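Student:
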Amino acid sequence: MDVALFVTCLTDTFYPRVGRATTLLLRHFGCRVHFPPEQTCCGQPAFNSGFHREAACLLRRMADVFRRYEHVVTPSASCATLVRRHGPELLEGTPAAAAARSLAANTREILTFLRDELHVDISGLLRLDEPVTFHYPCHARDAYTLDDLLGWLVGSGGRDVRVPRHPDLCCGFGGVFAVEYPELSAALLHDKLDELVATGAELVVCNEAACTLQMAGGARRRGLKLRFKHLAECLAESLGLLEPQA
Amino acid sequence: MSRHSLRARLARAVADDRVLQAVHLATWRKVEARAASFAQLPHAEELRRRAAQIRRHTLENLPRYLEQFAARVQAAGGQVHVACGAAAACRIICDLAVRRGLKLAVKSKSMTTEEVHLNAALEAAGLRVVETDLGEFIVQIDHDRPSHIITPIIHKDRRQVGTALARALGCRYTEDPAELTRLVRQHLRDVFRRCDLGITGANFGIAETGTLCLVTNEGNGRMTVTRPRVHVALLGIEKIIPRLIDLPVFLKLLARSSTGQPMGSYTTLVTGPRRPGEHDGPDELHVVLLDNGRSRILSGPAPEVLHCVRCGACLNACPVYRNIGGHAYESVYPGPIGSVLSPLLYGPQYEELPRLSSLCGACASACPVQIDLPALLVRLRARSRERQPLGKRLLLSGWAWLMRHPRLYALSQKLLRELLPDDGAGWARQVVGPLANWTSQRDLPRPAPGSFRELWKQELSDET
Amino acid sequence: MKRDARVKGDETNLSQFSAALARNRAAQGEMTPLPAREVSALRAVPPDADLVARFTQAARAAGCHVHCSGESECVAAITALLQAAGARRALVEPQPGTALPPERAAALIDALTTAGVAACQSYDDETLFAADASVTGVRLAVAETGTLVCVSGPASARAASLVPPLHVAIVSGSQIVPDLFDAFEHLGQAGSGTAAASCISFITGPSKTADIEGVLITGVHGPGQVHIVIVPN
Numbered sequence: 719m720d721v722a723l724f725v726t727c728l729t730d731t732f733y734p735r736v737g738r739a740t741t742l743l744l745r746h747f748g749c750r751v752h753f754p755p756e757q758t759c760c761g762q763p764a765f766n767s768g769f770h771r772e773a774a775c776l777l778r779r780m781a782d783v784f785r786r787y788e789h790v791v792t793p794s795a796s797c798a799t800l801v802r803r804h805g806p807e808l809l810e811g812t813p814a815a816a817a818a819r820s821l822a823a824n825t826r827e828i829l830t831f832l833r834d835e836l837h838v839d840i841s842g843l844l845r846l847d848e849p850v851t852f853h854y855p856c857h858a859r860d861a862y863t864l865d866d867l868l869g870w871l872v873g874s875g876g877r878d879v880r881v882p883r884h885p886d887l888c889c890g891f892g893g894v895f896a897v898e899y900p901e902l903s904a905a906l907l908h909d910k911l912d913e914l915v916a917t918g919a920e921l922v923v924c925n926e927a928a929c930t931l932q933m934a935g936g937a938r939r940r941g942l943k944l945r946f947k948h949l950a951e952c953l954a955e956s957l958g959l960l961e962p963q964a
Numbered sequence: 164m165s166r167h168s169l170r171a172r173l174a175r176a177v178a179d180d181r182v183l184q185a186v187h188l189a190t191w192r193k194v195e196a197r198a199a200s201f202a203q204l205p206h207a208e209e210l211r212r213r214a215a216q217i218r219r220h221t222l223e224n225l226p227r228y229l230e231q232f233a234a235r236v237q238a239a240g241g242q243v244h245v246a247c248g249a250a251a252a253c254r255i256i257c258d259l260a261v262r263r264g265l266k267l268a269v270k271s272k273s274m275t276t277e278e279v280h281l282n283a284a285l286e287a288a289g290l291r292v293v294e295t296d297l298g299e300f301i302v303q304i305d306h307d308r309p310s311h312i313i314t315p316i317i318h319k320d321r322r323q324v325g326t327a328l329a330r331a332l333g334c335r336y337t338e339d340p341a342e343l344t345r346l347v348r349q350h351l352r353d354v355f356r357r358c359d360l361g362i363t364g365a366n367f368g369i370a371e372t373g374t375l376c377l378v379t380n381e382g383n384g385r386m387t388v389t390r391p392r393v394h395v396a397l398l399g400i401e402k403i404i405p406r407l408i409d410l411p412v413f414l415k416l417l418a419r420s421s422t423g424q425p426m427g428s429y430t431t432l433v434t435g436p437r438r439p440g441e442h443d444g445p446d447e448l449h450v451v452l453l454d455n456g457r458s459r460i461l462s463g464p465a466p467e468v469l470h471c472v473r474c475g476a477c478l479n480a481c482p483v484y485r486n487i488g489g490h491a492y493e494s495v496y497p498g499p500i501g502s503v504l505s506p507l508l509y510g511p512q513y514e515e516l517p518r519l520s521s522l523c524g525a526c527a528s529a530c531p532v533q534i535d536l537p538a539l540l541v542r543l544r545a546r547s548r549e550r551q552p553l554g555k556r557l558l559l560s561g562w563a564w565l566m567r568h569p570r571l572y573a574l575s576q577k578l579l580r581e582l583l584p585d586d587g588a589g590w591a592r593q594v595v596g597p598l599a600n601w602t603s604q605r606d607l608p609r610p611a612p613g614s615f616r617e618l619w620k621q622e623l624s625d626e627t
Numbered sequence: 003m004k005r006d007a008r009v010k011g012d013e014t015n016l017s018q019f020s021a022a023l024a025r026n027r028a029a030q031g032e033m034t035p036l037p038a039r040e041v042s043a044l045r046a047v048p049p050d051a052d053l054v055a056r057f058t059q060a061a062r063a064a065g066c067h068v069h070c071s072g073e074s075e076c077v078a079a080i081t082a083l084l085q086a087a088g089a090r091r092a093l094v095e096p097q098p099g100t101a102l103p104p105e106r107a108a109a110l111i112d113a114l115t116t117a118g119v120a121a122c123q124s125y126d127d128e129t130l131f132a133a134d135a136s137v138t139g140v141r142l143a144v145a146e147t148g149t150l151v152c153v154s155g156p157a158s159a160r161a162a163s164l165v166p167p168l169h170v171a172i173v174s175g176s177q178i179v180p181d182l183f184d185a186f187e188h189l190g191q192a193g194s195g196t197a198a199a200s201c202i203s204f205i206t207g208p209s210k211t212a213d214i215e216g217v218l219i220t221g222v223h224g225p226g227q228v229h230i231v232i233v234p235n
């Protein structure tokens with residue numbers, strides 16, 4: 719199966735290891751992975767801020783960059799949601815409408831792609847050697863549920879998974895919100911970090927680069943011993959595809 | 164609006180530890196109570212869908228249902244007035260109160276009456292107006308403003324309530340909630356005995372039967388529709404539902420969403436004034452239908468906001484509300500629903516409110532009638548795009564431009580890596596320029612030594 | 003193309019207002035159907051449930067005291083209950099067609115008088131506000147939520163279950179319907195509900211508030227204690 723990787727701007731810039739893990743996993747389960755180098759950003763920050771002209775432009779461009787691929791896989795559920803849910807409505811009535819619908823149909827988030835298209839038993843293959851907690855990202859809702867994520871982590875037992883009091887509590891990133899209302903964003907962040915710290919675990923599974931940027935940055939500012947990993951990284955490590963990293 | 168900008172109010176709110184602690188406690192309690200309550204409700208999702216459908220259908224056919232409602236109210240002996248705006252509503256109600264020589268008005272909690280500033284108008288017309296919901300009563304005697312649409316004094320602690328009561332009633336200071344409640348009950352009982360005008364809102368108006376539905380917990384709503392000889396109900400036009408059998412759909416969702424109870428203590432259905440042979444109830448019932456911008460909202464970008472049943476669940480769920488409290492919004496309607504409703508009802512002075520959100524969607528998940536609040540917030544942001552701050556517009560236009568040029572984008576990744584200061588461990592603590600707002604609150608990791616696209620070119624693309 | 007639906011001017015005439023609204027709504031064109039009346043699939047409590055047990059559980063969860071009593075014992079039970087609560091004056095409201103018909107009410111008044119509790123039946127303010135308790139029947143009770151449904155009428159005042167600080171409601175088992183939907187089906191029948199009565203009160207537990215620091219306090223403006231006595235049939 720040929721798969722195009724949509725790595726996303728934040729993962730590309732700050733967390734390339736997540737891109738590597740995604741690539742290695744796809745290859746491990748039999749896919750040929752392509753990386754169209756013209757890709758940049760899906761336009762989510764512009765869309766959420768109401769800058770729909772700019773968002774439409776970037777979406778149109780993205781549909782063009784990925785037009786040759788029947789499967790487009792991304793490590794970011796929020797970007798997948800933007801493309802799938804908002805892309806078609808943004809470009810409805812324009813010449814790019816069909817391309818947007820096509821892109822929406824073809825784009826999938828990595829974990830659900832592994833589970834549903836490649837029939838990977840994520841929870842069966844996952845090895846976790848230390849207590850772990852997790853963040854359920856707000857925009858993962860369209861891709862997988864909190865129960866899905868918990869199921870992948872907990873599996874059939876034997877793993878020390880600490881559930882925060884409110885796993886879906888927003889980290890406070892919110893796109894441009896994080897820099898437009900920094901004190902407010904930080905107030906939300908503090909509530910979130912308090913809950914993670916309260917679990918006693920140091921490793922936090924977080925599948926969203928934006929949330930990781932926010933939480934890791936906040937944890938460091940507060941001197942907290944929290945580390946963040948995408949579940950794709952954990953899985954790749956479990957399969958021996960990636961050298962374990964602290 | 165106060166003379167303090169929204170930013171100043173936000174800064175003050177985020178720093179007010181006492182209020183924030185109270186709001187955190189109260190909202191989390193409600194969130195958890197709501198979740199537990201919904202877990203016990205069979206067919207909850209189907210009920211939410213059905214409620215949303217009823218609302219949508221009704222708004223699409225509003226003129227017909229308004230006519231039907233008015234006809235049934237009149238058939239039951241009530242009188243119907245239509246107020247296009249706040250001023251008209253106040254004029255209608257003051258006129259009828261003055262013409263009948265009414266002197267003492269008791270009010271059951273109604274956001275709609277706050278929206279039109281009815282109390283001030285009635286007082287100017289010479290009536291004494293007494294709020295009877297405990298929280299609203301405290302707000303009134305303390306010259307404060309409510310900060311939540313269901314629990315008005317969520318921001319106050321018992322000491323503040325005790326102080327306000329002692330000052331207003333001249334009673335001995337106490338801060339015991341049971342004793343405070345008893346003092347208020349005693350005081351208001353006397354008012355209920357002497358009042359001649361009762362003013363309520365209504366949670367719903369049933370077109371099929373001309374019935375008003377009031378949901379309360381304290382009993383002041385029942386007192387207000389029982390004791391005085393004239394009852395006035397002010398009702399937003401969006402509150403109409405078609406049939407009696409539609410009401411339980413909403414009732415099963417409302418109290419669970421508000422407080423986690425299966426039902427409020429009192430759900431009161433009022434159809435017309437007292438009937439011949441009945442022993443109590445008002446001689447006259449006046450229903451005032453209020454537009455005040457709702458018909459404009461119907462044909463605007465966010466008509467779904469009119470589905471709202473005023474349960475307050477979105478306020479309780481919202482991490483922003485939890486961290487700034489209700490006063491920072493400076494609107495009768497705060498929180499997520501208020502961030503959409505306030506600019507649509509009142510205009511540009513609330514245009515910034517939709518941006519006070521991380522779009523996390525906790526509100527939409529909590530909403531009993533499935534209003535997609537994040538989508539409405541984005542729509543309002545789009546509508547006010549040209550009036551958003553210049554710096555932000557430049558940033559986003561610049562970003563979008565850069566993202567159309569992949570080679571420049573790749574270059575900018577390298578530049579960021581070079582230019583970001585490093586504290587020695589791969590993090591930037593303080594930067595100037597557009598990212599200063601990031602590092603004012605949290606650290607920023609320096610971009611990894613190789614971006615993914617560099618990694619791909621160097622290593623990954625060779626393997627097939 | 004959306005037209006401005008704002009209704010201009012100071013029209014206070016409903017048909018003018020509606021016409022203006024309709025002119026603009028006609029431009030929208032979407033049509034959402036009203037859900038069909040049939041709601042039995044959405045019931046929380048099925049008709050074959052043990053309704054007395056469900057009602058008792060829900061009413062207690064809402065803060066009511068619930069007592070089950072045989073037909074012939076209920077007068078004594080209520081008398082004992084009121085004595086134990088220290089009531090000295092009780093408003094008794096006989097209502098044909100409920101579990102407190104005139105005969106039972108008369109028996110209760112006798113028993114109360116004998117026990118030293120002054121029983122009254124009038125609704126003047128002096129009596130109403132001096133009463134420590136009231137005893138009424140109900141039209142219906144709802145098992146799902148532990149709710150009492152009282153309907154105003156010549157034999158049922160709004161204030162009876164509201165003003166005195168302790169309310170005793172006698173409910174017969176046959177008056178308990180499973181679900182809120184059933185209650186509204188009943189009230190929607192011709193002559194049964196809103197068409198005939200100006201005020202229908204759904205009462206679920208005592209009067210309460212949590213406005214002060216979230217502390218739950220009962221007995222704000224309505225009764226702080228609700229006792230429900232269930233008799234069979």
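Protein chains in written order, with this note's numbering: chain A, 719 to 964; chain B, 164 to 627; chain C, 3 to 235. We put the beta carbon where it would ideally sit given N, CA and C, even for glycine. This structure is a prediction, so every number in the text was calculated from the model and none was measured.
#1: Between the C-alpha atoms of Leu225 of chain B and Ala396 of chain B, what's the straight-line distance to the nearest angstrom?
#2: Can you say whether Gly11 of chain C is buried or exposed, counting buried as having 16 or more other CB atoms within 10 angstroms of its CB?
#3: Drop a sphere of 10 angstroms on the beta-carbon of Trp619 of chain B, count the other beta-carbons inside from all chains shown, and report buried for 16 or more, exposed for fewer.
#4: How should Leu582 of chain B be labelled, buried or exposed, when 16 other C-beta atoms within 10 angstroms of its C-beta is the threshold for buried?
#5: On the three-state DSSP scale, how would you describe Ala7 of chain C?
#6: With three or more C-beta pairs closer than 8 Å as the rule, is the region 862-880 of chain A touching the region 902-912 of chain A?
#7: Give a yes or no on contact between the region 200-209 of chain B and the region 346-357 of chain B, applying the rule of three or more CB pairs nearer than 8 Å.
#8: If you measure from the beta carbon of Gln234 of chain C to each beta carbon in chain B, is any gap under 8 Å?
#9: Between Tyr572 of chain B and the rest of its own chain, which residues show a CB-CB distance below 8 Å, the 5 nearest in sequence each way excluded?
#10: Name the two residues that bound the continuous beta strand (DSSP E) containing Ile232 of chain C.
#11: Using 8 Å as the cut-off, can you tell me whether the region 56-67 of chain C makes contact with the region 216-232 of chain C, which would need three or more C-beta pairs spanning the two stretches below that distance?
#12: Where Ala43 of chain C and Asp184 of chain C are concerned, what is the direct C-alpha to C-alpha distance, given to the nearest angstrom?
#13: Quick one: what does DSSP say Arg785 of chain A is sitting in, helix, strand or coil?
#14: For the region 209-216 of chain B against the region 419-429 of chain B, are there 3 or more C-beta pairs whose distance is under 8 Å?
#15: Which residues of the region 888-902 of chain A have a Cβ closer than 7 Å to any Cβ of chain B? Give them in chain order.
#16: Consult DSSP for His746 of chain A and reduce its assignment to one of helix, strand or coil.
#17: What's the C-alpha gap between Val279 of chain B and Gly248 of chain B?
#18: Mind checking whether Arg235 of chain B and Glu447 of chain B have CB atoms under 8 Å apart?
#19: Under 6 Å Cβ to Cβ from Met386 of chain B, same chain only, skipping five residues before and after it: list those, please.
#20: Mind listing, in chain order, the continuous beta strand (DSSP E) runs of no fewer than 3 residues lying wholly within the region 749-832 of chain A?
#21: Check whether the Cβ of Asp320 of chain B lies closer than 8 Å to any Cβ atom in chain C.
#22: Is the CB of Leu623 of chain B under 8 Å away from at least one CB in chain A?
#23: Checking the sheet assignment: what are the DSSP bridge partners for Ile369 of chain B?
#24: Could you name the residues of chain A that Asn600 of chain B contacts, counting a contact when the two beta carbons are closer than 7 Å?
#25: If the cut-off is 7 Å on Cβ atoms, which residues from the region 135-153 of chain C count as contacting chain B, listed in chain order?
#26: Verify the CB distance criterion: does Ile313 of chain B have a CB-CB separation below 8 Å to chain A?
#27: Between the C-alpha atoms of Ser310 of chain B and Ser273 of chain B, what's the straight-line distance to the nearest angstrom?
#28: Of all Cβ atoms in chain A, is any one closer than 8 Å to the Cβ of Phe615 of chain B?
#29: In its own chain, which residues sit with a C-beta less than 6 Å from the C-beta of Asn380 of chain B, not counting the 5 before and 5 after it?
#30: Is the region 478-495 of chain B in contact with the region 808-825 of chain A, if contact means three or more CB pairs nearer than 8 Å?
#31: So the alpha helix (DSSP H) Arg62 of chain C belongs to, where does it begin and stop?
#32: Check whether chain B comes within 8 Å of Asn925 of chain A, counting only Cβ atoms and requiring the distance to be less than that.
#33: Go through its chain and collect everything with a Cβ distance to Thr58 of chain C's Cβ below 6 Å, but skip five positions before and after it.
Tutor: A quick look at the data gives this:
#1: Translated into the one-based positions of the second sequence, residue 225 of chain B becomes position 62. Translated into the one-based positions of the second sequence, residue 396 of chain B becomes position 233. Cα-Cα distance, rounded: 19 Å.
#2: Locating residue 11 of chain C in the third sequence gives position 9, where the first residue counts as 1. In this prediction, Gly11 of chain C has a pLDDT of 44, which is less than 50 and means its spatial position is unreliable; nothing more can be read from the coordinates.
#3: The count along the second sequence starts at 1 and reaches residue 619 of chain B at position 456. Per the 10 Å Cβ criterion, buried.
#4: By one-based count along the second sequence, residue 582 of chain B stands at place 419. The residue is exposed, with fewer than 16 neighbouring Cβ atoms inside 10 Å.
#5: Within the third sequence, residue 7 of chain C is the residue found at index 5, counting from 1. Confidence in Ala7 of chain C is poor, its pLDDT being 40 and thus under 50, which makes the residue's placement too unreliable to answer from.
#6: no
#7: In short, these stretches do not touch, since the Cβ pair count stays below three.
#8: On the third sequence, residue 234 of chain C is found 232 positions in, with the first residue counted as 1. Note that residue 234 of chain C corresponds to Pro in the displayed sequence, not to Gln. Chain B contact via Cβ: absent.
#9: Here residue 572 of chain B corresponds to residue number 409 of the second sequence, with the count starting at 1. Answer for Tyr572 of chain B: Leu565, Met566, listed in chain order.
#10: Here residue 232 of chain C refers to the residue found at position 230 when the third sequence is read from its first residue. Here the beta strand (DSSP E) through Ile232 of chain C covers 227-233.
#11: yes
#12: Your numbering for residue 43 of chain C matches position 41 in the third sequence. Your numbering for residue 184 of chain C matches position 182 in the third sequence. Straight-line Cα distance between these residues: approximately 12 Å.
#13: Along the first sequence, read from residue 1 onward, the residue named residue 785 of chain A stands at position 67. In the structure shown, Arg785 of chain A sits in coil (DSSP, three-state: anything other than H, G, I, E or B).
#14: No: fewer than three Cβ pairs fall under 8 Å.
#15: Cys888, Gly890, Phe891, Gly892, Val894, Phe895, Ala896, Val897, Glu898, Tyr899, Pro900, Glu901, Leu902
#16: For the purposes of this step, residue 746 of chain A is taken as residue 28 along the first sequence, with counting starting at 1. DSSP places His746 of chain A in helix when its eight states are reduced to three.
#17: Taking the second sequence and counting its residues from 1, the one referred to as residue 279 of chain B is at position 116. Taking the second sequence and counting its residues from 1, the one referred to as residue 248 of chain B is at position 85. Going by the C-alpha atoms only, they are around 8 Å apart.
#18: The sequence position of residue 235 of chain B within the second sequence is 72, counting from 1. The sequence position of residue 447 of chain B within the second sequence is 284, counting from 1. The answer is no: Cβ separation not under 8 Å.
#19: Position 223 of the second sequence, counted from the first residue, corresponds to residue 386 of chain B. Here the set comprises Phe355.
#20: When DSSP assignments are scanned along the region 749-832 of chain A, the uninterrupted stretches of beta strand (DSSP E) that are 3 or more residues long and fall wholly within it turn out to be 750-752, 790-792, 825-827.
#21: Translated into the one-based positions of the second sequence, residue 320 of chain B becomes position 157. Taking CB atoms only, Asp320 of chain B has a neighbour in chain C less than 8 Å away.
#22: In the second sequence, the residue the question calls residue 623 of chain B occupies position 460. Yes, because at least one Cβ of chain A sits closer than 8 Å to the Cβ of Leu623 of chain B.
#23: Here residue 369 of chain B is taken as the residue at index 206 of the second sequence, counted from 1. Its beta-bridge partners are B:Thr374, B:Ile404.
#24: Here residue 600 of chain B corresponds to residue number 437 of the second sequence, with the count starting at 1. The contacting residues are Val897, Pro900.
#25: Thr147, Thr149
#26: Counted from its first residue, the second sequence places residue 313 of chain B at position 150. Not an interface residue.
#27: Against the second sequence, residue 310 of chain B aligns to sequence position 147. Against the second sequence, residue 273 of chain B aligns to sequence position 110. In a straight line, the C-alpha of Ser310 of chain B is about 14 Å away from that of Ser273 of chain B.
#28: Translated into positions along the second sequence, residue 615 of chain B becomes position 452. The C-beta of Phe615 of chain B comes closer than 8 Å to at least one C-beta of chain A.
#29: Sequence index remark: in the second sequence, residue 380 of chain B carries index 217 (1-based). Within the same chain, Asn380 of chain B has close Cβ partners Gly427, Ser428.
#30: no
#31: Numbered from 1 along the third sequence, position 60 holds the residue referred to as residue 62 of chain C. Looking at the DSSP string, the run of the alpha helix (DSSP H) that includes Arg62 of chain C is 53-63.
#32: Within the first sequence, residue 925 of chain A is the residue found at index 207, counting from 1. False, the Cβ-Cβ gap to chain B never drops below 8 Å.
#33: Walking along the third sequence from the start, residue 58 of chain C turns up at place 56. Excluding residues within five positions, the ones whose Cβ falls inside 6 Å are Val68.
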